[in-house]
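Quick note: the sequence shown uses the working numbering, first residue 81, plus one each step. A virtual CB, placed ideally from N, CA and C, is assigned to each residue, including glycine. Here the structure is a predicted model, which means the values were calculated and not measured.
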Amino acid sequence: MLGFITHDGRGSADRLLNKIASQLEAEGQHLAGAVQENLGGDEVTRCDMVLRVLGTDQRFTISQRLGPGAVGCRLEPDAFERAVGLVETTLSDDTVLLIVNKYGKQEIEGRGFRMVIAEALSRGIPVLTSTGRSHRPAFLDFADSFAEEIAPTPDAILDWLARQDNPAEAT
Numbered sequence: 081m082l083g084f085i086t087h088d089g090r091g092s093a094d095r096l097l098n099k100i101a102s103q104l105e106a107e108g109q110h111l112a113g114a115v116q117e118n119l120g121g122d123e124v125t126r127c128d129m130v131l132r133v134l135g136t137d138q139r140f141t142i143s144q145r146l147g148p149g150a151v152g153c154r155l156e157p158d159a160f161e162r163a164v165g166l167v168e169t170t171l172s173d174d175t176v177l178l179i180v181n182k183y184g185k186q187e188i189e190g191r192g193f194r195m196v197i198a199e200a201l202s203r204g205i206p207v208l209t210s211t212g213r214s215h216r217p218a219f220l221d222f223a224d225s226f227a228e229e230i231a232p233t234p235d236a237i238l239d240w241l242a243r244q245d246n247p248a249e250a251t
């Protein structure tokens with residue numbers, strides 16, 4: 081009940097999870113979670129990372145502009161944690177799916193969406209997320225036997241969701 085895709089390319093998982101969320105929302109499914117939108121940016125400047133909290137009209141810019149040549153983490157932790165807190169409040173018994181934009185460094189360190197994922201699983205709510213190859217071992221340690229890798233395609237994700245105990249209508 082913890083489906084995940086492994087991503088390689090920058091932004092590919094974000095686009096896919098956004099597509100799935102938009103489709104399910106258009107069908108009237110009750111979703112919780114957050115999907116990442118990458119705005120602007122080019123080969124010289126980095127994009128702005130914005131989390132859209134599902135089931136609300138709230139968006140949080142979770143990146144900071146560190147300036148040219150900066151190599152540090154761009155995550156703006158306060159905005160990120162505010163988004164996580166809002167997601168926690170939207171999780172309910174009629175939620176058919178929790179989508180978490182990625183299982184990354186924050187979750188590996190015990191922060192971020194880690195507890196929200198655990199709460200959803202304990203309530204029988206399926207969870208969909210992504211992880212990068214470098215974070216995959218830590219994700220699998222956390223997920224234990226709950227994890228099921230899904231091919232990174234809309235059809236594969238919707239098929240996985242249709243097989244869950246609390247399925248959304250997959251078309």
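Endpoints, the beta strand (DSSP E) within which residue i is located
i, result
"V130", "128-133"
Delimiting residues of the alpha helix (DSSP H) encompassing residue i
i, result
"L166", "157-170"
"S202", "194-202"
"I205", "I205 -> no alpha helix (DSSP H), and no H or E assigned at all."
"R191", "Here R191 belongs to no alpha helix (DSSP H), and DSSP marks it neither H nor E."
"F222", "216-223"
"I237", "234-242"
Reduced DSSP secondary structure (H/G/I, E/B, other) of residue i
i, result
"A106", "helix"
"I100", "helix"
"A114", "strand"
"A227", "strand"
"I179", "strand"
"R139", "strand"
"G83", "strand"
"V124", "Annotation note: pLDDT 43 at V124 (below 50); position unreliable, coordinate value reported separately. In the structure shown, V124 sits in coil (DSSP, three-state: anything other than H, G, I, E or B)."
C-beta contact flag for residue i and residue j at 8 angstroms
i, j, result
"I197", "V180", "yes"
"F193", "L82", "no"
"P232", "H87", "yes"
"T141", "Y183", "no"
"V133", "V167", "yes"
"L131", "A106", "no"
"G135", "N118", "no"
"F160", "Q186", "yes"
"I188", "A223", "no"
Spatial neighbours of residue i in its chain, beta-carbon cut-off 8 angstroms, leaving aside the 5 residues before and after
i, result
"L171", "A112, L178, V196, E199, A200, R203, I205"
"L220", "A227"
"R162", "F140"
"R95", "none"
Residues near residue i by beta carbon distance below 6 angstroms, same chain, minus five either side
i, result
"Q103", "none"
"I237", "I100, I230"
"N98", "V115"
Cβ-based neighbour list, residue i, same chain, cut-off 7 angstroms, excluding 5 preceding and 5 following
i, result
"R42", "Residue coverage of the chain in this structure runs from 81 to 251, which leaves residue 42 outside it and unanswerable."
Cutoff 8 angstroms: residue i Cβ touching any chain C Cβ
i, result
"L220", "Among the chains of the structure shown, chain C does not appear; only one protein chain is present."
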